[in-house]
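Protein sequence lines correspond, in order, to chains A and B.
All residue numbers for the first sequence refer to the numbering used here, where the first residue is 1 and numbers rise by one.
All residue numbers for the second sequence refer to the numbering used here, where the first residue is 1001 and numbers rise by one.
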Amino acid sequence: MRPSHSLPELLWLVLPLALVVAPHATKLPLWLSLAWAAIALWCLLRAARRLPLPPRWLRMSITVGGLAAVFAQFGTLVGPRAGVALLVFLSAAKLLETEAPRDRTGLVFVGYFLLVAHFLEDQSLLSAAYMLLALLALTASLIASQMPQPKAVWPKLRPAGLLLLQALPLALFLFILFPRLSAPLWGLQQDDTARTGLSGEMRPGDISRLIQSDEIAFRASFDSRAIDPRQLYWRGPVLWDYDGRTWRTVQRVPDGGIEGQGIGRPVSYSVIMEPHRQHWLFLLGLPAALPDIEADLRSDLVWLTHAPVLSRMQYQVSAWLDYRYGLELDDASWARALDLPDAGNPRARALAATWAKQGLGDAALVQQALDHFRREPFVYTLQPPRLGEQAVDDFLFNSRRGFCEHYASVFVFLMRASGIPARVVTGYQGGEYNAVGNYWIVRSRDAHAWAEVWLKGEGWRRVDPTAAVAPSRVELGLNAALPVTERPVALLNVETGWLAPMRLAWDLVNYRWNLWVLGYNDVRQREFLSRLAPWLANLNAMLWLLGLGSALFIFGLAGFYLLRQTRIKQDPASRLYARFCRKLARLGLERRDNEGPADFARRASSTRPDLAGAIDEITQRYVALRYGRAPAETLAALRQSIRRFRPLRAAGVA
Amino acid sequence: MKHELAQALSQINRVVLGKEHQVRLCLACLLARGHLLIEDTPGVGKTTLAHTLAVTLGLQFHRIQFTSDLLPADLLGAAIYDRESGSFNFHPGPIFAQVILADEINRASPKSQSALLEAMEEGQVTIEGETRELPHPFFVIATQNPLEQAGVFPLPESQLDRFLMRIRLGYPDHAAERALLRGESRRDLLAQLAPVLDPARFIALQQTVQTLHVSEALLDYVQALIDATRRDLRFAGGLSPRAGLALLHAAQGWAFLDGRDFVQPEDIQAVLGPVVGHRLHPSSGIEAAEPDWAAQVLMEIAIP
């Protein structure tokens, strides 16, 4: 059997499919990507060499083997990951036996599906642009499957582009109006490759590892005045429990609400958070108003969602940056905020005890501790030496080199040892200001740990011991605080080089994309629609408009083409003749639109000889009017003869 | 006028049996001042048809058998030195006739082919720097064997375009075949033919054909057809404006034979196959098994 597709024809199928499959390859098992490529190459070879189809049993066993392998890999054939793997494999299997043009069309549709499936994994602007390209290629491939001249590229790309452009208004319309669900349609599972980010625990070295990553944690924009970076303590998990090495967050804190008072006017800010697979949302200051999302604010000002954040989310908060809170401390929290391991780190405890004995007030004691860090030769470094068994003692009296987590940890230890309730707070500090877009980019490398102490009459107060050691960390950011040799190389280049403005502009584009395209959720949709027209902002109205709009679009298009056809029929003789044809059509005598009037008259007369005279007369008049040089009176005659033409359905005549 | 044409038609049909449609097309082609290409296998009556046409129309007729060693001078004529008068005298070639039957045109070398085709286009020939008018009317009726046969030089597309129509005769049907087998020799019949028309008369008819009414509606249809050939990707290239004119003129000839003074869509459809068949080619990848493939595609176009 000869392959029915030539090499160029097959290239039109394989290349667009490869474009679609390629981005999946990073997520697929390696064997599957290799198998796909091998099969595709073999098919091209087959077309080039005009080899026969592989025998049926071989195709069957490849298909069954592939299905089994996918099942073995994923343990299932359904679900986003396994489903995509299955489709990718089946597209290759279908390629093996692609013979008829119909097979090509089918494969292109599978390609469309795989294209959409890619958005389950990645919704970034770059990948959207890539997908658009793949979409164009796929559409061109669809056109190619219906078209000769396999070598011509432009005659396929052009109509494909035009088709996509024509679809654009409808796509926009649907994008804006299609009701958004507050929960994703599919239980989207993000990839398993762990994202770096804050965890609910803190060991020495945890945060300094985070610093190495350039990954964006979230972006935030403020509604009002310029913000002092020193105020930007984005609060994440609060760590209460210490076992001598690791700080941990607690699952439950006493309820009791948040007693706090803000000072001055609250600022409003909006955060677009990248998914971090954890529960906490980052909060700045004391919230005055929280958005209506499925999350609870705990009494230690930790804001937790009910479900892990698996997709990018946006929230808007109004909060006071100057505030007091937690004026009353209940007994359980008191005990917890003073709790230390029973033994260990005797020298640190002794130091704390001497401070406590001096009889200073609590506030003065805190200052004393900070002064200690400032006075003694402590060094802020990303590469602290390993600490021994007695980590706190070792750090305080031997190495004196550490990162923010060391300072926060040791400081809280000292506070607790000297009788002041204290806890560690982790989160992000500062960020990069994008002046072009007027928002802040907060990355993994802005991760930070600081302390909170509870003072009578004042409540919980934020103390940042790192700032005592390296004030520039808080004022100017990480790079300024680190010794030159320790600055991460990747970071150094982009932050100061000539690329910096471009990088910021690109981030702005991404930010807008996240905000307006990906962040267009149910809340934003309602907001946007109510701004357009208040009555629009409910589900019913949306659905009605959606249905109506789509119907209008489709009928409008149909009407446009109909009009274009009838515009030609503006000629009065044609209009009369069309009426005549409708009369005959009712008898089952339909004029084909490529049938000349005389031919039609002959056919009609032979079917209905009883009408031959009338048909002949009408046709002659019409033809004379439309094609001949008939005088204007003929039109009236034609009108009359057509009006008189009232044929009856003859029995027994087909 | 009608009478003469009907008479001419019936006379030709008496010689060429069972080919009423093709005979009509030939006559329409000549009435529209077009050259005619008859393509078919040997022995189906191409030459007979051409000869009959010429005789019936009362036109002066030369037959040229094209062979691969035919030179342009064999066709056009040459100046030959006359010893008695001591000067060169022009001896006109066989092309100086009102109807040229160029038999098996695709057997000649391209050089001779183009000599003929130039004459067809210009109505004149240039020999040794001197331009000589050809007689009027001037028709070329060429016959050619299908290209599948050996030893032929296919006419290039630009030259095919000079022929208004290309028709195929095909085998006679059963009854015609029987009549042929029974009847007199065609050659004898030809010898007995008397002309029905004369050149002056024929030129007058041609002029009438040109004045046949063509309405806007009909031009819409012609343009729809031309547009389709240019847009439809099944065609390797669209019809040229000259081809569009050819279609219209041929349809005028056909309408005239039908006794009408205007052209209607059926006339276009009737001449569509012979007029576009040799001008349109399928794109690569399209199987065009039917010789009438292009016309079949175009017949699908709606009449506006």
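Cβ atoms here follow ideal geometry from the backbone N, Cα and C, with glycine treated the same way.
In this text the structure is predicted, and so the values were computed from the model without any measurement.
Any chain A beta carbon closer than 8 Å to residue i
| i | result |
| --- | --- |
| residue 1256(B) | no |
| residue 1094(B) | no |
| residue 1263(B) | yes |
| residue 1210(B) | no |
| residue 1213(B) | yes |
| residue 1272(B) | no |
| residue 1223(B) | no |
| residue 1293(B) | no |
| residue 1009(B) | no |
| residue 1303(B) | yes |
| residue 1020(B) | no |
| residue 1218(B) | yes |
| residue 1120(B) | no |
| residue 1269(B) | yes |
| residue 1133(B) | no |
8 Å Cβ cutoff, residue i in contact with chain B
| i | result |
| --- | --- |
| residue 144(A) | no |
| residue 626(A) | yes |
| residue 103(A) | no |
| residue 147(A) | yes |
| residue 22(A) | no |
Spatial distance of residue i from residue j (CA atoms)
| i | j | result |
| --- | --- | --- |
| residue 1117(B) | residue 1104(B) | 14 Å |
| residue 393(A) | residue 348(A) | 6 Å |
| residue 396(A) | residue 410(A) | 8 Å |
| residue 596(A) | residue 1223(B) | 16 Å |
| residue 1074(B) | residue 1159(B) | 20 Å |
| residue 1203(B) | residue 1209(B) | 10 Å |
| residue 204(A) | residue 214(A) | 20 Å |
| residue 1026(B) | residue 131(A) | 59 Å |
| residue 383(A) | residue 339(A) | 29 Å |
| residue 91(A) | residue 210(A) | 41 Å |
| residue 40(A) | residue 14(A) | 7 Å |
| residue 513(A) | residue 125(A) | 7 Å |
| residue 517(A) | residue 12(A) | 32 Å |
| residue 48(A) | residue 5(A) | 9 Å |
| residue 466(A) | residue 260(A) | 26 Å |
| residue 1107(B) | residue 1150(B) | 9 Å |
| residue 1201(B) | residue 1256(B) | 15 Å |
| residue 58(A) | residue 135(A) | 32 Å |
| residue 202(A) | residue 291(A) | 29 Å |
| residue 373(A) | residue 399(A) | 13 Å |
Review point. Curious, which full-length beta strand (DSSP E) runs of at least 3 residues does the stretch 71-157 of chain A contain?
Key: Listed in chain order, there is nothing to give.
Practice item. Entirely within the stretch 1116-1185 of chain B and at least 3 residues each: give me those beta strand (DSSP E) ranges in chain order. Key: Within the stretch 1116-1185 of chain B, the complete beta strand (DSSP E) runs of at least 3 residues are 1124-1127, 1130-1133, 1139-1144 and 1163-1167.
Review point. What residues in the stretch 150-181 of chain A have a beta carbon less than 9 Å from any beta carbon of chain B?
Key: Result list: 150, 151, 152 and 155.
Review point. When you check each C-beta in the stretch 604-638 of chain A against every C-beta of chain B, which residues fall closer than 8 Å?
Key: 623, 624, 626, 627, 628 and 629
Check your understanding: Which parts of the stretch 1026-1066 of chain B are runs of the beta strand (DSSP E), unbroken and 3 residues or longer, counting only runs that do not cross its ends?
Key -> The qualifying runs are 1035-1039 and 1061-1065.
Review point. Can at least three beta-carbon pairs, one atom from the stretch 107-121 of chain A and one from the stretch 1187-1201 of chain B, be found at a separation below 8 Å?
Key: no
Check your understanding: Listed from N- to C-terminal order along the chain, which residues in the stretch 571-598 of chain A have their beta-carbon within a distance smaller than 8 Å of any beta-carbon of chain B?
Key -> 571, 574, 593, 594, 595, 596, 597 and 598
Practice item. Could you list the residues in the stretch 1232-1251 of chain B with a C-beta less than 9 Å from some C-beta on chain A, going in chain order? Key: 1233, 1234 and 1236
Review point. Would you call the stretch 1037-1055 of chain B and the stretch 1247-1261 of chain B in contact, with 3 or more CB pairs under 8 Å?
Key: no
Check your understanding: Closer than 7 Å, Cβ to any Cβ of chain A: which residues of the stretch 1057-1086 of chain B, in chain order?
Key -> Within the stretch 1057-1086 of chain B, no residue qualifies.
Point to revise | Sequence ranges, alpha helix (DSSP H) only - wholly within the stretch 229-317 of chain A, length at least 4 | key: Runs of the alpha helix (DSSP H) inside the stretch 229-317 of chain A: none found.
Check your understanding: If you measure beta-carbon to beta-carbon, which residues of the stretch 1031-1047 of chain B are closer than 8 Å to chain A?
Key -> The residues in question: there are none.
Point to revise | Validate contact between the stretch 607-621 of chain A and the stretch 1009-1027 of chain B using beta carbons, cut 8 Å, 3 pairs | key: no
Review point. Is the stretch 164-180 of chain A touching the stretch 29-46 of chain A, taking contact as three or more C-beta pairs under 8 Å?
Key: no
Point to revise | Touching by the beta-carbon criterion (3+ pairs, under 8 Å), the stretch 1053-1072 of chain B and the stretch 1080-1087 of chain B | key: Taking 8 Å as the limit for Cβ pairs, the verdict is that the stretch 1080-1087 of chain B does not touch the stretch 1053-1072 of chain B.
**Study point:** At least three beta-carbon pairs within less than 8 Å, the stretch 499-506 of chain A to the stretch 456-465 of chain A
**Key:** The answer is no - the stretch 456-465 of chain A does not touch the stretch 499-506 of chain A, with fewer than three Cβ pairs under 8 Å.
Review point. Which whole runs of the alpha helix (DSSP H) in the stretch 612-640 of chain A are 4 residues long or more, in chain order?
Key: Runs of the alpha helix (DSSP H) inside the stretch 612-640 of chain A: 612-626.
Review point. Any residues in the stretch 1178-1211 of chain B with a beta carbon nearer than 8 Å to a beta carbon of chain A? Which ones, in chain order?
Key: Within the stretch 1178-1211 of chain B, no residue qualifies.
Check your understanding: Can at least three beta-carbon pairs, one atom from the stretch 1266-1273 of chain B and one from the stretch 633-645 of chain A, be found at a separation below 8 Å?
Key -> no
Practice item. With a floor of 4 residues, list each alpha helix (DSSP H) that falls wholly inside the stretch 349-396 of chain A, ordered by position along the chain. Key: 362-375
Review point. Within the chosen definition, does the stretch 324-332 of chain A reach the stretch 264-281 of chain A through at least 3 CB pairs nearer than 8 Å?
Key: By the Cβ test, the stretch 324-332 of chain A is not in contact with the stretch 264-281 of chain A, since fewer than three Cβ pairs between them sit closer than 8 Å.
Check your understanding: On the three-pair Cβ rule with 8 Å, is the stretch 327-337 of chain A touching the stretch 273-292 of chain A?
Key -> no
Exercise for review: Report the residues of the stretch 1143-1169 of chain B with a CB closer than 9 Å to any CB of chain A, ordered along the chain.
Suggested key: none
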